[in-house]
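Worksheet: the structure to be examined is printed underneath.
In our numbering, the protein residues as written are 16 to 779.
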């Protein structure tokens, strides 16, 4: 029972959390907090991650520093061709605000598009639009706790367009006018954002942040700010913040696109290199010290869409320099968390009485903190049981680790992912690469390419034994600093809720956990002899090969702009309506959750772990049922076999129906307090009075749906209709046709092929 106390390390991830509590209800007494380790301040001497690591960076990236302290990274990429993505990250976020400045970092980001050295108020957006740069879609920005990022995607790489993009960014970095009239205009936009965020999600988030990060500045420095501060903000206050924190040494430009790097670098040095500091250097405000001890809380909001359970452990830690050992430690921990998530999936699937709907573990560095833990969604009225289950399974992983077979499943998935990343390396989008570059620098992580990642990943896998994973998983948490157990959302535990959470946690920590038993690996039960030697449709004067083969209609096109990827689309034409309202939604939510006749969903995921197959679910169109999937070329046969099995042997297990309907009903109930959602639903009901299946289901309609109804509705489409299949991607067209004909064909009526290839493609 060596991990009883630290157990409460399970956490919520920032992007999807509920919210923090107002007070640490059952906090254990603790000594006064020690000073928190504040991350090293940004300065002109701040190194690139690879300069303090033995890991070599991607050799295709060109790194540089300007005399004013600004840094840049540029990379040639042609996805898409003839375009350039620019990202300017400024290490200025809401954590740098003083109490009277709460919300100024975000308001300043808005002001960056409302007047600058080269563009008077009202001129910038028209100038961008004349160059083919849409405001919002291709020119935007965001502000978070520790950064503000300005983004421009250029439609071409002509010199004048590059100069335009860099000039806009340089103006935002140091040439804003911050005119009082424009401040007054823009504050209304930000206040509207604040109003839009009001609701159960934000209320719970506020309370949960206050509990989880007690003692630090995080709870009181949310990027959106305070309405009172924004309403009273002056141009002078904004200029003061701007001059203090928008300094060249705090700036990092990433540029990725299809252009000459020498010419681009010269423009960067000329334009961004002219930026200067507008004010004196000031010390960064401290993050604060975590309040130590254990805190438990039940945070109820009747309007919440569901209930979340979370166990979290936090400790103060400055992000370490990147190294092989640091990556190994996190990699092993990630493997343990993947096994934990798979175990929880099996429990949810196999036990109708399981109190959780889903769950998983995670660990990560954020700011000057390290968090580790797990979280899950509880079934209505089962939050305390869900917390106990989550704690028990987290402890089981920490004390006993994964079995050899569990680790093999995750390792197969890792290898498949590494291979897929290498094969798809040339199709990485410019904008994604630009964001990955500045993210890597901000996180002190060496930027490496997929080939390097594969070499490194395979080396790390070689050291991934069950014992190594267990030990790394154990080291992921620290119950000596701050630990929280939180239930948030719809479940109401009453006035003693905080105490009940503490008691549930105590009981879970006292319960012995046994080692998991080794299980035999399942094998794929739907293998098909894919050999088919019949005549294929003749090639046509079109990129597509269209025609019939073995009783199905096929359309195949080889493409080279997304190497290593294949997209598959099945279409079953037939009458899809009228139908009971909500059936299509239930089918779309639960088609995969029911698994196949010979493979429950969790087992199916294990069997397919070493593949790149991704099933996009089903969609209902007027006159057809459509299914989409994707995979790497090497997995095309298995992908087609899965689609065949889905057509012929979808299981529709009853527990999958409950798993699909519970969160669906909770989301619909939450809409009853959402004015925008209610307005749209009312409009949809008025415009489809005799066709309820064309709009979203109501609560009563959703509750009345069942798998029995879905099966009765889909049976004629799945089993009695002709089949059309389109395959597009990095494949040999004839080989793909033979595979599809052999696996999917042979027992279905054919769809007549239109004489016009365009009409045939439209039918698919």
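Every residue, glycine too, gets a C-beta built ideally from N, C-alpha and C.
- In the three-state reduction of the DSSP assignment, residue 703 falls in the coil class.
- According to DSSP, residue 379 shares a beta bridge with 386.
- 347 is the residue among 451, 522, 347, 391 whose C-alpha sits nearest the C-alpha of residue 477.
- Shown here, residue 758 sits in a helix according to DSSP, grouped into three states.
- The Cβ neighbour count for residue 297, taken over all protein chains shown within 10 Å, is under 16; the residue is labelled exposed.
- Residue 81 carries a coil assignment under DSSP once its states are collapsed to helix, strand and coil.
- Residue environment for residue 548: exposed (fewer than 16 other C-beta atoms within 10 angstroms of its C-beta).
- Residue environment: residue 706 is assigned as exposed (fewer than 16 neighbouring CB atoms within 10 Å of its CB, all protein chains considered).
- For residue 554, the closest C-alpha among the options 349, 747, 659 is that of 747.
- Taking 4 residues as the minimum length, the region 520-562 contains no alpha helix (DSSP H) run wholly inside it.
- Judged by pairs of C-beta atoms under 8 Å, the region 219-233 touches the region 297-317, as three or more such pairs exist.
- Considering only 167, 162, 147, the residue with the shortest C-alpha distance to residue 154 is 167.
- DSSP places residue 346 in the helix class (H, G or I) of the three-state scheme.
- Residue 133 counts as exposed, since fewer than 16 other beta carbons sit within 10 angstroms of its beta carbon.
- Taken through DSSP and simplified to helix, strand or coil, residue 630 comes out as strand.
- If you draw a 10 Å sphere on the C-beta of residue 701, you find fewer than 16 other C-beta atoms in it, and that means exposed.
- The beta carbon of residue 726 lies closer than 8 Å to those of 667 in the same chain, with the five residues before and after it left out.
- For residue 166, the enclosing beta strand (DSSP E) starts and ends at 163-169.
- Secondary structure of residue 220 (DSSP, three-state): helix.
- Its chain contains 475, 478 as the residues whose beta carbon lies nearer than 7 Å to that of residue 343, once the 5 sequence neighbours on both sides are disregarded; these appear in chain order.
- In this structure, DSSP gives residue 482 a helical state, which the three-state scheme calls helix.
- Here the C-alpha atom of residue 169 lies approximately 7 Å from the C-alpha atom of residue 180.
- Counting of Cβ neighbours within 10 angstroms places residue 504 among the buried residues, the total reaching 16 or more.
- With a contact defined as Cβ atoms closer than 8 Å, residue 405 and residue 515 miss out at about 15 Å.
- Distance between residue 534 and residue 412, taken at the CA atoms: about 16 Å.
- Take the alpha-carbon of residue 72 and the one of residue 511: they are about 54 Å apart.
- Cα atoms of residue 559 and residue 444: separation of roughly 25 Å, rounded to the nearest angstrom.
- Counting C-beta pairs with one atom in each stretch, the region 566-573 and the region 743-761 have three or more that are closer than 8 Å, which means they touch.
- When rounded, the separation of the alpha-carbon atoms in residue 641 and residue 376 is 34 Å.
- In the three-state reduction of the DSSP assignment, residue 172 falls in the coil class, being assigned neither a helical nor a strand state.
- The region 75-143 contains, as complete beta strand (DSSP E) runs of 3+ residues, the segments 77-80, 86-91, 99-105 (chain order).
- Residue 112 and residue 120 do touch by the CB rule: their CB atoms are close to 6 Å apart, below 8 Å.
- Excluding five sequence positions before and after residue 357, the CB atoms of its chain that fall closer than 8 Å to its own CB belong to 421, 424, 425, 617, 620, 621, given in chain order.
- Boundaries of the beta strand (DSSP E) harbouring residue 331: 322-331, taken from the DSSP string.
- By DSSP's assignment, residue 392 forms a beta bridge with 323, 373.
- Of the candidates 466, 634, 335, 284, the residue whose Cα lies closest to the Cα of residue 643 is 634.
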